[in-house]
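With the working numbering, the residue at position 460 of the sequence shown is 469, and numbering never jumps.
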Amino acid sequence: MAEVAFDIGTNHTKYAYSIKSFGKRTFESSFQDEHFMKSSSAKTFTSVLLDDTGQFHSFGVEAEYHYVSLVGKHEQKGWRLFGRFASTLQYTNDKKISSCQLTVKDHDGKTYSAMDIFTMAIKYLHARFIADLRSLATGILDSEIMFIFTVQDTWGELGKRLIKDSAIKAGIGGGRLHTVFQSEAIVMEYINNDHTLLNSSGQNYIVINQEGDRIFMAVLQKIDKNTFTILQSETRECVCREQFILERLFDKDVLKVIRNNHTSSYFELRNHIEIIARHIENISICKNWTWIRISSDLRTLCQVESGHVEKGDKIRLHIAEINAGFEAEIGKLINHVKDVKAQTKIQNIQSLIILGDICYSANIRERFAKELIEISVGTPTDPDFAMLQGALIHGHEAFVKEYKDAKNDTGLEQSEKQFQIVTAFDFGTTFSGYGYSYIDDKTKVCTKIWHSNDSSACLSSLKTPTSVLLDDKGQFHSFGFEAEDKFAALAEENKHSDWRLFRCFKMALHSKRHLSRKSTIKDISGKEHEALPIFVMAIQALKKHFMENIQLKVIGMHENDFRYIITVPAIWDVAAKQFMREAAIQAGICSDQLLLAYESEAAALWCIQSDKTIKNEISTDIKSIVIDLGGGTADISVYVRLMNNTIKVIHKASGGAWGSNNINKQFLKYLDNKLGNGVLDNFRENHLEDYLTLTRAFENKKRSHTCVATAFKMQIPFTLVNMLSLKSEKMQIDESTIKSWFEIPIRPLIEHIKILLTEESMKDIKYIILCGGFAESPYVQDRFKNELPDIKLIVPEEAGLAVLKGAVLFGHNPKILASRVMTHTYGLSISKDFDDKTHAEDRKICVDGDWKVENCFEVFVRASEEIPVDHCVSHYFKPLGPVTDIPVFRTLSENPRYTTDPGCELLGSFEITNIPNIPFIDQEIGITFMFGLTELLVKAKHMTNRKEEVLTINCLQ
Numbered sequence: 010m011a012e013v014a015f016d017i018g019t020n021h022t023k024y025a026y027s028i029k030s031f032g033k034r035t036f037e038s039s040f041q042d043e044h045f046m047k048s049s050s051a052k053t054f055t056s057v058l059l060d061d062t063g064q065f066h067s068f069g070v071e072a073e074y075h076y077v078s079l080v081g082k083h084e085q086k087g088w089r090l091f092g093r094f095a096s097t098l099q100y101t102n103d104k105k106i107s108s109c110q111l112t113v114k115d116h117d118g119k120t121y122s123a124m125d126i127f128t129m130a131i132k133y134l135h136a137r138f139i140a141d142l143r144s145l146a147t148g149i150l151d152s153e154i155m156f157i158f159t160v161q162d163t164w165g166e167l168g169k170r171l172i173k174d175s176a177i178k179a180g181i182g183g184g185r186l187h188t189v190f191q192s193e194a195i196v197m198e199y200i201n202n203d204h205t206l207l208n209s210s211g212q213n214y215i216v217i218n219q220e221g222d223r224i225f226m227a228v229l230q231k232i233d234k235n236t237f238t239i240l241q242s243e244t245r246e247c248v249c250r251e252q253f254i255l256e257r258l259f260d261k262d263v264l265k266v267i268r269n270n271h272t273s274s275y276f277e278l279r280n281h282i283e284i285i286a287r288h289i290e291n292i293s294i295c296k297n298w299t300w301i302r303i304s305s306d307l308r309t310l311c312q313v314e315s316g317h318v319e320k321g322d323k324i325r326l327h328i329a330e331i332n333a334g335f336e337a338e339i340g341k342l343i344n345h346v347k348d349v350k351a352q353t354k355i356q357n358i359q360s361l362i363i364l365g366d367i368c369y370s371a372n373i374r375e376r377f378a379k380e381l382i383e384i385s386v387g388t389p390t391d392p393d394f395a396m397l398q399g400a401l402i403h404g405h406e407a408f409v410k411e412y413k414d415a416k417n418d419t420g421l422e423q424s425e426k427q428f429q430i431v432t433a434f435d436f437g438t439t440f441s442g443y444g445y446s447y448i449d450d451k452t453k454v455c456t457k458i459w460h461s462n463d464s465s466a467c468l469s470s471l472k473t474p475t476s477v478l479l480d481d482k483g484q485f486h487s488f489g490f491e492a493e494d495k496f497a498a499l500a501e502e503n504k505h506s507d508w509r510l511f512r513c514f515k516m517a518l519h520s521k522r523h524l525s526r527k528s529t530i531k532d533i534s535g536k537e538h539e540a541l542p543i544f545v546m547a548i549q550a551l552k553k554h555f556m557e558n559i560q561l562k563v564i565g566m567h568e569n570d571f572r573y574i575i576t577v578p579a580i581w582d583v584a585a586k587q588f589m590r591e592a593a594i595q596a597g598i599c600s601d602q603l604l605l606a607y608e609s610e611a612a613a614l615w616c617i618q619s620d621k622t623i624k625n626e627i628s629t630d631i632k633s634i635v636i637d638l639g640g641g642t643a644d645i646s647v648y649v650r651l652m653n654n655t656i657k658v659i660h661k662a663s664g665g666a667w668g669s670n671n672i673n674k675q676f677l678k679y680l681d682n683k684l685g686n687g688v689l690d691n692f693r694e695n696h697l698e699d700y701l702t703l704t705r706a707f708e709n710k711k712r713s714h715t716c717v718a719t720a721f722k723m724q725i726p727f728t729l730v731n732m733l734s735l736k737s738e739k740m741q742i743d744e745s746t747i748k749s750w751f752e753i754p755i756r757p758l759i760e761h762i763k764i765l766l767t768e769e770s771m772k773d774i775k776y777i778i779l780c781g782g783f784a785e786s787p788y789v790q791d792r793f794k795n796e797l798p799d800i801k802l803i804v805p806e807e808a809g810l811a812v813l814k815g816a817v818l819f820g821h822n823p824k825i826l827a828s829r830v831m832t833h834t835y836g837l838s839i840s841k842d843f844d845d846k847t848h849a850e851d852r853k854i855c856v857d858g859d860w861k862v863e864n865c866f867e868v869f870v871r872a873s874e875e876i877p878v879d880h881c882v883s884h885y886f887k888p889l890g891p892v893t894d895i896p897v898f899r900t901l902s903e904n905p906r907y908t909t910d911p912g913c914e915l916l917g918s919f920e921i922t923n924i925p926n927i928p929f930i931d932q933e934i935g936i937t938f939m940f941g942l943t944e945l946l947v948k949a950k951h952m953t954n955r956k957e958e959v960l961t962i963n964c965l966q
């Protein structure tokens with residue numbers, strides 16, 4: 010059994026689906042955009058293209074791009090583009106009109122049967138969904154699938170009939186077909202995820218949804234459970250920011266000319282401005298203006314008023330000017346809501362739910378809340394998919410979720426307390442992010458979408474750059490996209506000299522041989538700064554962002570209700586892990602609420618525990634290699650899933666600095682050589698905003714499906730074109746060069762895997778699971794398939810989020826990993842009685858008349874030894890003074906004899922304060938090492954008074 014919900018929206022279309030065998034997990038659509046945004050997206054344009062014979066050609070981005078390419082070659086005659094056709098539907102409340110009489114308009118304004126266009130769109134979406142479904146689960150019949158379609162409230166029953174008739178015409182059986190008004194779906198999702206709502210019958214809700222130049226509004230009354238009645242619905246035209254920006258740049262009549270005669274440039278400009286408009290408030294955090302890129306064929310048509318600044322291919326507009334018309338429109342809307350609220354028949358309005366473009370503005374939400382103080386104003390957890398989530402709830406009649414008590418399921422002393430919410434910070438080399446889930450729905454991991462404030466880049470991502478910005482006084486200013494964009498804005502005005510930007514600094518912990526609390530990292534200009542404060546600021550920023558987000562959704566939570574997880578590579582040294590823990594504690598996270606999670610282990614947890622495709626594919630006792638392939642490192646572990654649904658690590662962690670940042674470095678090196686004479690340095694110093702846009706564009710292009718398959722093409726900022734007097738704004742790099750860049754990290758990684766597979770215990774490996782952002786590269790996947798043809802390669806859905814989501818699961822139950830394999834042999838340095846059978850003659854010394862051997866390696870655990878997660882080793886001794894300093898040694902050797910042997914190193918030490926009023930000869934101390942966790946923990950117990958304390962091994966110099 011499966012359910013799928015489709016939202017054929019005014020501007021965009023998307024779908025979401027769930028499969029009964031996968032539990033509560035919801036899957037979202039994914040559309041590849043190789044043309045406009047050069048990335049994948051959960052939604053695509055609501056556009057249909059008919060060829061010159063009147064037959065369906067394509068849908069979404071592909072439809073618009075193909076039409077644009079035809080126009081560019083003057084070959085569009087006879088072709089018809091129905092762009093954003095849902096907004097042109099000529100609907101009516103006339104009950105005498107049938108659904109087959111409704112029409113929509115094409116790009117040229119000519120009408121066409123609405124049912125035929127909707128049928129083509131639904132047929133395309135249906136086929137795409139079935140392909141997605143078959144990739145996850147086989148054996149589900151079409152008759153076992155429930156289809157739900159959202160319908161705009163203002164379309165009324167006629168709109169429902171249109172969608173149903175179109176779906177049936179597209180081949181979907183009527184018995185499996187349901188429709189739901191958009192406002193109903195939104196409210197269902199909202200009350201299902203907001204634990205603070207009472208949800209009693211009789212409550213009224215107002216839903217406001219902005220799509221482009223239209224605002225849809227509905228008032229609903231809750232009858233029971235998931236049943237509502239719509240009291241009122243309407244649509245209002247509004248002055249959207251996109252249109253306002255266009256009309257500031259071009260006269261209305263000129264816009265018509267551009268739309269018809271410069272179609273390709275018009276579509277690219279419109280898509281660019283749509284994203285700027287959505288994130289205009291974020292942009293204003295860094296600066297009070299924004300750049301609008303104008304293609305060369307439109308520059309002569311642009312109306313630049315006094316006060317506007319032109320720079321190359323960009324025009325600068327003031328944000329206050331852009332917001333002015335829209336703010337007035339919001340004022341009208343608030344007044345209208347007040348009028349609706351005042352109507353006698355609509356009383357007891359509990360909540361105002363905002364989504365669409367306006368929900369992303371904190372200022373607008375605050376304005377609503379301030380002027381409508383008697384109403385709770387909120388937005389759904391995931392505004393882009395709230396409607397579809399609600400539609401799925403409608404489809405299978407899900408109940409409203411309530412908090413429940415949960416049983417203790419961890420077993421570890423540090424994990425005995427049950428935390429209401431677990432949040433994980435995936436602190437990456439290039440990008441960072443966070444995710445969280447509630448105790449009563451552990452596998453439903455919520456993530457945050459981050460937005461770039463740079464109007465030139467227009468990036469939206471589930472992670473944000475790992476970048477920290479200090480202001481001119483050396484104080485923290487911002488993190489992530491905001492940090493980079495603010496620094497770029499300052500550089501544009503040459504005001505950045507005393508500000509400091511730190512990027513991609515995590516690798517300092519991997520590369521430094523002797524790490525200390527005073528270790529340094531370099532900012533973007535090469536100046537050094539202590540590393541620890543920068544790491545603290547980054548973690549503080551992630552924690553602050555999470556807390557602000559969760560407080561909008563749940564009330565009554567306290568700081569001790571949260572558990573925090575920070576991900577680290579399993580191949581990191583103990584000192585690096587201690588460094589991260591200390592940074593997190595200084596960032597305000599209580600030590601008792603903090604756990605470190607290994608990245609490759611977290612990825613394995615998510616794949617094997619929550620990805621039903623992989624879980625069904627890989628049965629118990631089958632060995633798998635999991636590789637977390639990120640920006641900085643490749644983190645490798647080998648696992649087997651046990652009968653009790655836990656996971657056992659069966660090989661010590663390995664890996665290296667084989668992340669995708671190596672490719673970025675080669676790209677910059679290539680540019681430097683190509684441009685010569687320090688041009689790239691000059692470009693970075695004097696045009697930092699364009700430099701960041703260029704590097705971000707490469708980051709996106711690097712992940713695309715066509716990156717290595719064809720010649721690599723990308724747009725060069727106009728400022729760089731001018732500097733070099735180039736003839737074209739496009740740069741092309743041949744396929745062989747790009748491949749050589751990819752081979753720099755991929756070749757040693759694959760060779761390492763091949764060496765692993767030669768080990769006797771690894772010969773029956775059946776699967777390799779690739780996770781991490783770099784794993785999403787088709788070229789990387791193909792290289793693994795070609796080099797290791799006998800091992801099946803699996804790349805999970807959302808491979809880039811596997812570590813983050815797995816870390817959340819780990820936080821709910823750290824004991825889910827049954828055992829680990831030790832990378833080193835650990836022990837203490839002790840003295841032993843001399844034994845001529847085992848000790849060399851030159852090592853014996855006389856102590857109080859007895860022959861002894863010093864510096865003997867007392868082994869606690871050995872390298873390559875499998876250790877249960879709760880494994881403890883104890884050692885007892887008598888103190889010799891008031892304070893006992895105990896050094897801990899380690900080595901890669903499995904059978905060390907002395908702590909002075911080559912390869913043995915002092916890991917760190919810890920101190921024990923002994924009992925002052927009892928003779929030392931009468932005291933005994935038990936030292937217990939706990940090796941099965943992600944961190945080496947030590948406990949000391951005074952056997953005389955039974956006092957116990959947790960000790961920290963100081964591994965930082």
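From the three backbone atoms N, C-alpha and C, an ideal C-beta is built for every residue, glycine too.
Just so you know, these numbers come straight off a predicted model, no measurement behind them.
CA-to-CA distance, residue j to residue i, given in whole angstroms
i      : j      : result
Ala777 : Thr188 : One point to set straight first is that residue 777 is Ile, not Ala, in the sequence displayed. Straight-line Cα distance between these residues: approximately 42 angstroms.
Ser107 : Gly165 : 13 angstroms
Ile876 : Lys562 : 41 angstroms
Ile543 : His519 : 16 angstroms
Gln549 : Ala593 : 8 angstroms
Met129 : Ser96  : 17 angstroms
Leu946 : Thr390 : 38 angstroms
Ala662 : Phe571 : 29 angstroms
For residue i, the nearest candidate out of the options (CA to CA)
i      : options                           : result
Thr272 : Glu73, Thr834 and Pro392          : Glu73
His66  : Val577, Arg302 and Tyr133         : Tyr133
Phe31  : Ala11, Met589 and Gly18           : Ala11
Lys678 : Lys453, Trp750 and Ala949         : Trp750
Ser840 : Leu818, Asn822, Asn864 and Glu933 : Asn864
Thr642 : Glu694, Lys515 and Leu541         : Lys515
Gln85  : Leu59, Phe428, Leu541 and Leu98   : Leu59
Asn954 : Asn503, Ile934 and Phe940         : Ile934
DSSP state of residue i mapped onto helix, strand, coil
i      : result
Val882 : strand
Asn923 : coil
Leu59  : strand
Glu933 : coil
Leu326 : strand
Thr390 : coil
Asp16  : strand
Thr642 : coil
Opposing strand residues paired with residue i [DSSP bridges]
i      : result
Trp860 : Cys855
Phe866 : Ser838
Ile803 : Ile778
Trp300 : Arg325
Val959 : Lys948
Arg89  : Leu59
is_contact[residue i, chain C] using C-beta, thresh 7 angstroms
i      : result
Asp222 : Protein chains in the displayed structure number just one, and chain C is not present.
Counting Cβ pairs closer than 8 angstroms, one from the stretch 866-874 and one from the stretch 820-838, do we hit at least three? yes
Meets three-Cβ-pair contact criterion under 8 angstroms: the stretch 603-620 and the stretch 643-655: yes
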